[in-house]
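Numbering (mature numbering (1 follows the signal peptide of the UniProt record, and there is no 0)), first residue to last: -20 to -1, 1 to 186.
For reference, the structure discussed in these notes is given below.
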Amino acid sequence: MKTWILAATTLALTVGAPLAAQEPHFGLGVTVGVPTGALNSTTYAGGATESYDSTLGLQFTASFPVDRSLAWRLNLSGQTFSGHVDEPGQFRVNTQDAMFSIGADAQIFVGGGNAQRHIGTYLIGGLALDLERFSSSYDDPSYYPDTVTNKSRMGLNVGIGHSMRYIGRWRWNFEATYHKTLSSHDTGAGDPPAADFIRLGAGVVF
């Protein structure tokens, strides 16, 4: 673990200096997370079914252009998925997955897009550290958690976005991305289900 931390720190210091010289573009937006795969529905061996609903979230980004077509982006996002576990002959158990993600993305601007001005259409690809808090509450309307499990998992983000000028430095920004959990999602071994979902976002970039 210390080796990974040292390597990550060295990489951040090496990459951070040239990025600091670029003029960054900051973004703030509202997102909608739509569960897919195991997060949408998971059936366990005993017949219990766990599922989660769509939710709203927030996203903050800092995009550092390298040239006209490429930018590196810091991506901070958070949302809480609410769901439930139903098991034959048992009371329903309410569940939540509160997720905060720290992501590093590459933005590739295509067509007439311009990374330095953050205008046009761009492709997104990157990794994220997902800090998740899984909790459950036994039929409690006010949701006081009875059990809590904290997980740190690796995630993948891929998608597409588009920015259009509004006024001055302000731009309208729209994104559609897919998030996939890459680690610690073996439900047979006791892990929580993979937090796979589609993220639709709208906001401003300046």
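Ideal placement from N, C-alpha and C gives every residue a C-beta, glycine not left out.
Cα-Cα, which of the options is closest to residue i?
i, options, result
"aspartate 47", "Ile88, Arg133 and Asn130", "Ile88"
"phenylalanine 61", "Glu30, Trp52 and Leu107", "Glu30"
"lysine 131", "Thr75, Asn74 and Ser163", "Ser163"
Is residue j closer than 8 Å to residue i when the C-beta atoms are compared?
i, j, result
"valine 128", "serine 115", "yes"
"lysine 160", "glycine 135", "yes"
"valine 14", "phenylalanine 177", "yes"
"alanine 174", "aspartate 77", "no"
"glycine 106", "glycine 100", "no"
"leucine 50", "alanine 86", "yes"
Near residue i, what residues of its chain come up, given a Cβ to Cβ distance below 6 Å and the 5 sequence neighbours on each side ignored?
i, result
"phenylalanine 80", "Gly58 and Leu111"
Can you name, in chain order, every residue of its own chain whose Cβ lies under 8 Å from the Cβ of residue i, other than the five neighbours on each side?
i, result
"valine 184", "Gly7, Leu8, Gly9, Tyr146, Trp150, Arg151, Trp152 and Asn153"
"glutamate 3", "Pro45 and Gln96"
Tell me the residue span of the alpha helix (DSSP H) that contains residue i.
i, result
"glycine 17", "17 to 20"
What residue range does the beta strand (DSSP E) around residue i cover?
i, result
"serine 115", "100 to 117"
"phenylalanine 145", "At residue 145 the sequence reads arginine, which differs from the phenylalanine that was named. Arginine 145 -> beta strand (DSSP E) spans 127 to 147."
"glycine 83", "73 to 89"
"tyrosine 24", "Neither: tyrosine 24 is in no beta strand (DSSP E) and is coded neither H nor E."
"glycine 37", "35 to 45"
"leucine 50", "50 to 66"
"residue 193", "In the structure displayed, the chain extends from -20 to 186; residue 193 sits before or after that span and is not available."
With a CB to CB cut of under 7 Å and the five nearest residues on each side skipped, what residues in its chain are close to residue i?
i, result
"glycine 170", "none"
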